[in-house]
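Asks:
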Amino acid sequence: MARKKIGLPPLDWLRVFEAAGRLGGFSAAAREFGLTQAAVSQRIGNLEAWLGRTLFVREARGVSLTIEGESYLPLVQDSLRALEHNTEDLFGTSPRELRVAGLSSHIYALVLPGIPRFLTLQPKVRLMTDSVARRSSLDEEKTWLQIRYGRGAWPGREAALIAKEVLVPMAAPDIAWGAPLIDQRGERPGWRDWARSAGVEDLPPAHVSFDSMGHSIAAARQGMGVVLGSVPLAAGNTRAGQLSSLDLPALETREGYWLTWPEDRVRSKKQRALIDDFLTALRG
1 MARKKIGLPP LDWLRVFEAA GRLGGFSAAA REFGLTQAAV SQRIGNLEAW
51 LGRTLFVREA RGVSLTIEGE SYLPLVQDSL RALEHNTEDL FGTSPRELRV
101 AGLSSHIYAL VLPGIPRFLT LQPKVRLMTD SVARRSSLDE EKTWLQIRYG
151 RGAWPGREAA LIAKEVLVPM AAPDIAWGAP LIDQRGERPG WRDWARSAGV
201 EDLPPAHVSF DSMGHSIAAA RQGMGVVLGS VPLAAGNTRA GQLSSLDLPA
251 LETREGYWLT WPEDRVRSKK QRALIDDFLT ALRG
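For the sequence shown, full-length UniProt numbering begins at 1 and goes up steadily by one.
(1) Given Ile107, which residues of its chain have a CB within under 7 Å of its CB, disregarding the five upstream and five downstream residues?
(2) Determine the direct distance from the alpha carbon of Glu141 to that of Arg22, and round the result to whole angstroms.
(3) Per DSSP, what kind of secondary structure is Met213 in: helix, strand or coil?
(4) Which residues does DSSP list as the beta-bridge partners of Arg31?
(5) Taking the beta strand (DSSP E) that Arg148 falls in, what are its first and last residues?
(6) Grouping DSSP H, G and I as helix and E and B as strand, with all else coil, what is Ala54?
(7) In three-state DSSP terms, what is Lys164?
(8) When DSSP labels each residue in this structure, what does Gln77 get in the three-state scheme?
(9) Could you please give the first and the last residue of the uninterrupted alpha helix (DSSP H) stretch that includes Ala60?
(10) Considering Cα atoms alone, identify which of Ala101, Asp139, Pro9 and Glu252 is closest to Asn46.
(11) With contact counted as at least three CB pairs below 8 Å, one residue from each stretch, are the region 152 to 163 and the region 174 to 182 in contact?
(12) For residue 292 and Gln184, I'd like the C-alpha separation in whole angstroms.
(13) Can you tell me whether DSSP reads Glu68 as helix, strand or coil?
(14) When you compare only the Cα positions, how much space is there between Leu203 and Gly214?
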């Protein structure tokens, strides 16, 4: 194919080529842009004529990128992404709202204390929260910015650590070791794990059992016994003097509390700055 042009091809042709290469076909690219397949084929044909190179192999079962097409695709994607980001940074409006989803206990313990500092850093931004009942619900939650508990690895999502999970025996000020234990069910290490780590052989009995760390901490705050409490989630209670860590070993875990978002969602410097300020506020 003879080269006819030198320089930058029309942006519309490049966008269609990027979609066809990314999605693996002209039909999929046509659906993305609301075009006909013939219109997509024409734009890509125009691009190939401009470059003097064949970018796709046309076969009865579909199309596939040529070696030159495979080499060109990431260059086009990087250029389009940079153009989008720089346009947003230069001409886009600053975000006016930040919405975050998480378990109610995480919103209460991690977000609420940081709101004053966040609003000091971002006084023109309105902060909104969405509570979910179960961690599994976060996968279906439409709110893209989320607080999650785990090890920081979720496919397709970036994650920034808010606080590591550390478990410590804690109780109301008038409750001492030897009082009944508050049992915490779930994936966190429990009292037996703590006992093995701390070298404690005999544990007091447990009279109540919860499947929520928030409920377990609330029970300890009401004097029901000693909880193996989450240091990050109980921080507000300990600062207020409602709970005290006992003079016993802490148990560090491999989990933590993370602020997460889809990999392709935070696109501009302004959005990134907003997330950074929110993280600063959450980390205290």
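From the three backbone atoms N, C-alpha and C, an ideal C-beta is built for every residue, glycine too.
Replies: Judging by the given coordinates:
(1) Locating residue 107 in the sequence shown gives position 107, where the first residue counts as 1. Excluding positions up to five away in sequence, the list reads Thr129 and Ser131.
(2) Walking along the sequence shown from the start, residue 22 turns up at place 22. Walking along the sequence shown from the start, residue 141 turns up at place 141. Near 26 Å, if we compare the C-alpha coordinates of Glu141 and Arg22.
(3) Counted from its first residue, the sequence shown places residue 213 at position 213. It is helical.
(4) For the purposes of this step, residue 31 is taken as residue 31 along the sequence shown, with counting starting at 1. Looking at the DSSP assignment, Arg31 forms no beta bridge with any residue, so it has no partner.
(5) For the purposes of this step, residue 148 is identified with residue 148 of the sequence shown, where counting begins at 1. First-last of the beta strand (DSSP E) with Arg148: Leu145 to Gly150.
(6) Sequence index remark: in the sequence shown, residue 54 carries index 54 (1-based). Sequence inspection shows Thr at residue 54; the Ala mentioned does not correspond to that position. In the structure shown, Thr54 sits in coil (DSSP, three-state: anything other than H, G, I, E or B).
(7) Against the sequence shown, residue 164 aligns to sequence position 164. Lys164: strand per DSSP, three-state reduction.
(8) Position 77 of the sequence shown, counted from the first residue, corresponds to residue 77. Of the three classes helix, strand and coil, the one that applies to Gln77 here is helix, per DSSP.
(9) As a working mapping, residue 60 is identified with position 60 in the sequence shown. Segment: none, Ala60 is in no alpha helix (DSSP H) and carries neither H nor E.
(10) The residue you call residue 46 lines up with position 46 of the sequence shown. Nearest of Ala101, Asp139, Pro9 and Glu252 to Asn46, Cα basis: Pro9.
(11) no
(12) Residue 292 lies beyond the range of the chain shown here (1 to 284); nothing can be said about it.
(13) On the sequence shown, residue 68 is found 68 positions in, with the first residue counted as 1. If DSSP states are grouped into helix, strand and coil, Glu68 belongs with the helices.
(14) Within the sequence shown, numbered from 1, the residue matching residue 203 stands at position 203. Within the sequence shown, numbered from 1, the residue matching residue 214 stands at position 214. Straight-line Cα distance between these residues: approximately 22 Å.
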